[in-house]
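Asker: Below: one structure in structure tokens.
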Amino acid sequence: MKIDAALLGATGAVGQKFIQLLRGHPLFRLTELFASERSAGKSYGEAVTWKLSAPPDPAIEALPVFSCDQEPRARLVFSALDASAAGPIESRLVSLGHLVISNARNHRMDSDVPIMIPEINGSLLNKVSPNKGALITNPNCSTAGLALSLFPLHRAFILQSVHTVTMQAFSGAGYPGLSAWDIVGNVIPFIDGEEEKIEQELPKIFGRYNGKSFRPAPISVTASCNRVPVREGHLLDVRASFEKPFTLEKIREEWALFRSEAPYLTLPSSPGSPVIYIPTADMPQPSLFHEKNSMSVYTGRLKALSEKEICFKALVHNTVRGAAGNALLIAERAALIGLL
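Each residue of the sequence shown is one higher than the one before, starting from 6 at the first, in my numbering.
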């Protein structure tokens, strides 16, 4: 029997990606949709301005949309709410006993709330009680790509510092997002709050949990973020230094060998290879991103700057691995260990 799931923020860009990824899912059945007051009381088909290429399931279009003031029946709640509304709504649902997996930034830096990428720190789910509410957060969409590409290297060589320049797709701004006047034929060298998120989140993800709070890893992180006229896919230029020396062959080997631990490798959304290195000189490119591998991070342009410092490119699908897909993988892992 499939597990019922509720979705908050169902009409937005990330909410639509959740609906797309949950269609025909072997573990979960989407039974309840929640959105803003202006959408409440309508059917989903009436409320949504659908932006994805494949149309939604007619059964989902027929579902009623509820106000976020109402409590879901399902224990599992995916939150694609905008940060302007997410904080108190998610806290209330946790207090009522729901397992909330959130894409919003509001609670990421709370001392007792994990920022989870299952291949990196999914074992933190073992500390969640199946009888109490809990909140798990996704990382920022750029942080997701940065963390996945660096974690196998951090594990082998101990990351000391990283600087990244991001070129972020306009879908990351949500819908309706930016005006065409602002983004077409242009690059905007500022995204409000984005640099601070990356700089704070990566050390927390690589840090340690003592049972009550997180101790961030001692890593210096700086970021410079840009919005570019690309629909999907955040491209990161990464420069990283390590405590231990390495060879480029060993770097590529660490990426190639990085896997989810058994039995989580068999989860429906788990990629066979979380990090895929592409040796072609002009890769990776967002326009050549393959939807079937959108849970993987693509790396390329690897160079050694010294025996302890490298630079490379990393490409992450911002609405899949950077949002809905990562949350779905968290839920799959939670289901496997009996939290749902």
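Beta carbons: idealized from backbone N, C-alpha and C, even for Gly.
Measure the C-alpha to C-alpha separation of K202 and I196 and round it to an integer number of angstroms.
Answerer: 11 Å
Asker: Excluding the five sequence neighbours on either side, which residues of its own chain have a C-beta within less than 6 Å of the C-beta of L272, listed in chain order?
Answerer: E337, listed in sequence order.
Asker: Would the region 14 to 21 and the region 70 to 89 be scored as touching if the rule is three or more Cβ pairs under 8 Å?
Answerer: Contact annotation: the region 14 to 21 touches the region 70 to 89, with at least three C-beta pairs closer than 8 Å.
Asker: Using three-state DSSP, classify D117 as helix, strand or coil.
Answerer: D117: coil per DSSP, three-state reduction.
Asker: Between which residues of its own chain and S96 is the CB-CB distance below 8 Å, once the five residues before and five after are set aside?
Answerer: H112, L140
Asker: Would you mind stating whether D117 and K217 have Cβ atoms separated by less than 8 Å?
Answerer: yes
Asker: Less than 8 Å between the C-beta atoms of A88 and R110, yes or no?
Answerer: yes
Asker: DSSP on T271, reduced to helix/strand/coil?
Answerer: helix
Asker: When burial is assigned at 16 or more other CB atoms within 10 Å of the CB, is V280 buried or exposed?
Answerer: buried
Asker: Please report the Cβ distance between G150 and G305, rounded to the nearest whole angstrom; I am assuming they are in contact, meaning their Cβ atoms lie under 8 Å.
Answerer: Rounded, the Cβ-Cβ distance is 13 Å, inconsistent with contact.
Asker: Quick check: the Cα distance between H30 and K22, rounded to an integer number of angstroms?
Answerer: 13 Å
Asker: Which runs of the beta strand (DSSP E) at least 3 residues long sit entirely within the region 140 to 218? Give them in chain order.
Answerer: 164 to 174
Asker: Excluding the 5 residues preceding and the 5 following A340 in the sequence, name in chain order all residues of the same chain whose CB lies nearer than 7 Å to its CB.
Answerer: I8, L32
Asker: What is the residue span of the beta strand (DSSP E) that R244 lies within?
Answerer: 239 to 247
Asker: What's the gap between the Cα of P60 and the Cα of S166?
Answerer: Rounded to whole angstroms, P60 to S166 spans 44 Å at the Cα level.
Asker: Please confirm whether F247 and L164 have their CB atoms less than 8 Å apart.
Answerer: yes
Asker: Relative to the alpha-carbon of R237, which residue among A174, S128, A18 has its alpha-carbon at the smallest distance?
Answerer: Residue identity differs from the one stated: residue 237 is Glu in this sequence, not Arg. E237 has its Cα closest to that of A174, out of A174, S128, A18.
Asker: On the DSSP bridge assignment, give the partners of G305 in chain order.
Answerer: K318
Asker: One question on the structure: do T142 and P119 come within less than 8 Å of each other, judged by their Cβ atoms?
Answerer: yes
Asker: Counting only the same chain and skipping the five closest in sequence on each side, list residues whose C-beta sits under 6 Å from that of E204.
Answerer: V226, A228
Asker: Could you give the DSSP three-state label for N231: helix, strand or coil?
Answerer: Three-state DSSP puts N231 in a strand.
Asker: Would you kindly work out how many angstroms separate the C-alpha atoms of L104 and G138, rounded to a whole number?
Answerer: 5 Å
Asker: With distance defined between alpha-carbon atoms, name the residue in P284, S44, E259, S176 nearest to K318.
Answerer: Ranking P284, S44, E259, S176 by Cα distance to K318 puts P284 first.
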